[in-house]
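Notes follow once the structure below has been shown.
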Amino acid sequence: MKWKSKPSLVKFMAGASVVAMGATATAAMAQDATANEEAAEAALQDDGNVIVVSGIRASLRESMNIKREGQGVVDAISAEDIGKFPDTNLAESLQRITGVSIDRENGEGARVTVRGFGPEYNLVTLNGRQMPTSTLGDGASAPSSRSFDFGNLASEAVAAVEVYKTGRATVASGGIGSTINIRTPRPLDDPGFKGSIAVKGVYDESQNGDVDITPEVSGILSSTFADDRIGITVTGSYQKRNSGFNQYFTDWRDGYLGCGGVDSLGNSYENEWGSVCGRPDANVQNRPGPDDVYAVPQNGSYNVTDISRERINGQAVLQYEVVDGLTATVDYTFSQNTVEARQSSVGIWFNHGDTSSAWTDGPAAGPIFYSENFGDAPSDLSYSGSLTANRSINKSIGFNLEWEAPGGLTWVLDAHSSSAESKPTLPYGSSVSVGTAVFGLQEQRIDFDSYLPVISYVNAAGVDSNDISQRFATGNAFRNAYFRDDIDQVQLNGHWEADLGFLESLDFGVSYTENKIKSAYGFLQNETWGGLGTAADIPDDIFFPISIPEAFRGMDGVDNPNIIQQFYGFDVERMVDLLENQFGICSNPGAGTSIAGTCLANPTTDRRISEKTLAPFVEANFSFDVGAGEAHLIAGLRYEDTVVDSTALVPTVTGSYWAAANEFYLELDNDNLEYTRVKGGYDVWLPNFDFDIEPIQDVVLRASYSHTITRPTYNNLEAGLSYNPLFRQDGAEGSQGNPSLLPFKSENFDASAEWYYGPESYLSIGYFRKNVKNYIDTSGSRQILLQDITNPYNGPRANAARAALGANANNESIRDYIIANFPETTAVVNGVTRIYGLPEDAPLQVDLTLPGNSDQKATIDGFEFALQHSFWETGLGVILNYTIVNGDATFDNTQPYKIPQFALVGLSDSANAVLFYDKGPLQARVAWNWRDKFLAGYSQNPTNPFYRDEYWQIDASASYEFDFGVTAFVEAINLTGENLKGFRRNENETFFAYRGAPRYAAGVRFSF
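Going by this note's numbering, the sequence shown opens with residue 307, and the numbers climb by one from there.
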């Protein structure tokens, strides 16, 4: 995507859109109205084979009928449609539903946002069962997310995905954005012997170096016998994919107020680390004024990553109709997703000494360039290599017994035991990062006026910072994370076909769910950033060249002649073995302890949570005549009682030390862990009402009202006080969870009007409004002093250094003074001189974050526009949708970081446009997806935002059906290779920018 470009099609889209997905919707959940079930059954049985689609137009017609006959706001896509979209997984397909956007991870769809509510606010179920989820998160802290990673699931083994945008008493709670139900095939739903197998090759242009074609194989076999009373379905898929993910990245010291400015709380920012206020006028162009907010870069890097992913999915379903009306089902689902990422990086770090800069105009000023001159003390050009290799395994075994009893009563007993586990596959833990450097930079600079910021440098005399013969090892870190989520659930549901005129049916039931979470984390770290050994310790043949212009080809800024042209990556495993053999970086680390004989860190944090929820419900379905039309009303009530039990083991703090210019560390005693246990809980009532009426032929009006909840993230519930072992000169940080947190609660209103003016065509407009309360506030912190722990930056030694060197002495100079004049208070550990905190130093202040429910409320509302149109019998058709999302709490970029703020994240407009052709054996589709820029998140204490830029992508697919069930197909994703960036308060404050690339696939499918 070009810098600041915005496709003109957005303006066209503002007037039209669709509620349906690019090709089909399928059934609603089993508890939906009978009319919806019948429409779904018709959709799935078009030609007697759930695997084979008869055509895009037929699918659209079935989709439209399901929407028309359904009740409530439900959108769905069928397996046939997913299989024929050029989509990597379920998330890639879900983005084409009105109001649904996705987050990509390593260029692939991973998580979904619905009507502005991100992954944490959406609940994912499998066949109506609450599913566990696992992820290792950022790799630098204990995992804690509830969000479901759709990248773990292949689409081939899924019959349908349903998105419930409003609450229903019969549908599991937990998502105020939506509840997403994944349905898998059942053999007795489609009797007979049938199957399908598909083979395709994938060519991903994002790969670095030579591009490999990787295989994908999937298949399904379904059969019934014994007069169609016994059935079995087996599905499986294997995917191997290689890709690249090349990204620029910068950390920022954000939210400073300009020189002379004082915020509304009386705070000044002139003495902040990196402030431009003390710099001469000759060094600062267009200096931010007293009312301007600005940010200074902490670092900048180019990161070139090679990714290898292997995904294995499988499912087996056995059904037995014991007697007429009594059916037993046993199913087992397995998925395994293994991802390995190898990253090579080159970057710079700013010490904020002799800096020069130029700035855009305020009130949120951004840097045009930022540079630093190091004089007679050259700084380092940092080269790092990292390796991440993790595996997520999901397992679910379930049992279902359905009995159609006399008197129109149906009972369903359903139980499952499911688990999700994420753990490393490396002998080093979940991730390892090893640093190397050459101390040869006279000057370094980043220019921020292009889409890809330009890093450049000037070598000191007699030094080549890119000379591998001068490269030596620096610091390194080994992260070891583990996460497991186990869910056991039992549900007993009843459905009564009342047939009493006004009362059509009654649904009722109860479910019991136990959710158990284990989150563990540990690390090894060596703070040898000043150098470990000599350059002679590292053989030259460990390095390999990487071209920056090639890795970021096509991005604005890469053609700048000043950009770093080339750097050398290295073999991470070989480097780790070399440094372990020479310096014991794993067996004798500076921080943390390892499992004997390995580089696996012993966990320093072990957190367990148990959630037990009892949920009875009742829902009545009414139908009646209003004038010449029929109306339907659903009224339901769900009660949920949840008990939370949280335990934690965390290390104790025994001391502190100063390891490098800007790096201070806590000493943690991992052998003496503190145990804490805290309990909490809550109960909620969740009503819902759905109404629809057809006042005139082919026009349907709908209205819905409901309450829904989203439970707090696990890190906010976890007991135990934990500290960030790395702290800065102004103090340390810690956090503690709160098991007594209440869930987010939303009051939802929906209304829509739909006009079905043709067999495959309709126009609709919908309005939604959500009033949300019980937001969790993590800015509520308190400052504590650790007993007998002091800060070596503040004390008699540091004061003596400042008196001798001057008030403007930098941290490195102060360290050198203390080491020279107070050597008895220091020690060399693994080549790093530590300056220990002494009793006479100032007590170490810790900002302790404590989450709590605030009294803050917010309103999110918006419109969903839809148009689906087939052009008579030409085979051509178009599908358009546009979603507008608004919120009443936005982030004010003009406020500095010490001013607390509350803002809604993830809110943005989105649109889809699909042009398709379906006639005879040929089918083709081109799909365009767009999402406007949005606030992706913000930190609290300090309060700083980060945004994602607008993004659009074009996908395409085509297939041709030959005789004997053979179909050849081609697919393309991100056809034009669009890029994506994120930024802070100002668009020049680039947070990340990565290169996008197209991915192509071609294959053959055989159905029988």
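All C-beta atoms, glycine included, are put in the ideal place defined by N, C-alpha and C.
Under DSSP, I793 takes part in a beta bridge, and its partners are S724, N821. According to DSSP, A634 shares a beta bridge with Y626, L707.
Three or more Cβ pairs closer than 8 Å define a contact, and the segment 1251-1270 falls short of that threshold against the segment 1162-1173.
Under the 10 Å beta carbon count, N978 is surrounded by fewer than 16 other beta carbons and is classified as exposed.
Excluding its 5 nearest sequence neighbours in each direction, P438 has C-beta neighbours in its own chain below 8 Å: N700, S724, S725, A726, D791, D792, I793, N821, listed in chain order. Distances from the alpha-carbon of N1192 to those of P1248, N1077, A1113 put N1077 closest. As DSSP reads the structure, H1175 sits in a beta bridge with V1184.
Secondary structure at F456: helix, using DSSP grouped into helix, strand and coil.
Within the same chain, and ignoring the five residues on either side of L527 in sequence, the residues whose Cβ sits closer than 6 Å to its Cβ are G501, V540. Comparing alpha-carbon positions, the option among G1309, S650, N1250 lying closest to Y562 turns out to be N1250.
For Q888, there is no enclosing beta strand (DSSP E); the enclosing alpha helix (DSSP H) has its first and last residue at 878-889.
Secondary structure at K1079: strand, using DSSP grouped into helix, strand and coil.
Taking a cut-off of 8 Å on C-beta distances, the segment 857-870 touches the segment 757-777, as three or more cross pairs fall below it. Assigned with DSSP and collapsed to three states, T472 falls in coil, not helix or strand. Contact fails between the segment 1064-1075 and the segment 1107-1122, because fewer than three Cβ pairs, one in each stretch, are under 8 Å apart.
Boundaries cannot be given for K1204, as no alpha helix (DSSP H) includes it and DSSP labels it neither H nor E. Below 8 Å, enough C-beta pairs join the segment 983-1000 and the segment 1042-1057 to call them touching: three or more. DSSP places A857 in the uninterrupted alpha helix (DSSP H) bounded by 854-857.
Proximity of the segment 895-907 to the segment 828-837 meets the contact definition, three or more beta-carbon pairs being nearer than 8 Å.
Spanning the alpha carbons of D534 and L624 requires a straight line of approximately 12 Å. F1208 is positioned such that its CB atom lies no closer than 8 Å to that of Q1151.
DSSP, reduced to helix, strand and coil, places K373 within a helical segment of the structure shown. Under the 10 Å beta carbon count, S1070 is surrounded by 16 or more other beta carbons and is classified as buried.
Across the set K729, Y963, L1027, S737, the C-alpha of Y963 shows the shortest separation from the C-alpha of R1140. For E576, same chain residues with a beta-carbon under 8 Å away, outside a window of 5 residues either side, are C565, G566, C583, G584 in chain order. In this structure S651 is in contact with Y608, their Cβ atoms being roughly 7 Å apart against a cut-off of 8 Å. Leaving aside the five residues that flank V1211 on each side, the residues in its chain whose CB is nearer than 8 Å to its CB run, in chain order, G424, F1240, L1241, A1242, G1243, Y1244.
For K1239, no pairing in a beta bridge is given by DSSP. Looking at V602, F789, V924, the one whose alpha-carbon comes closest to that of W802 is V924.
Minimum Cα-Cα distance from Q748 among the listed residues Y734, V740, E678 corresponds to E678.
Counting only residues of its own chain and dropping the five nearest sequence neighbours on each side, F656 has a CB closer than 8 Å to the CB of G580, V602, P603, Q604, N605, Y676, E678, Q750. Residue burial is scored here from C-beta neighbours: Q591 has fewer than 16 other C-beta atoms within 10 angstroms and is therefore classed as exposed. For P730, the pairing in a beta bridge is given by DSSP as N696. Sequence-distant Cβ neighbours of R1301 in its own chain, meaning closer than 6 Å and more than five residues away, are N552, F858, M861, N1285.
R983 counts as exposed, since fewer than 16 other C-beta atoms from the protein chains shown sit within 10 angstroms of its C-beta. For A1217, the closest of P1206, Q1229, W1234 by C-alpha to C-alpha distance is W1234.
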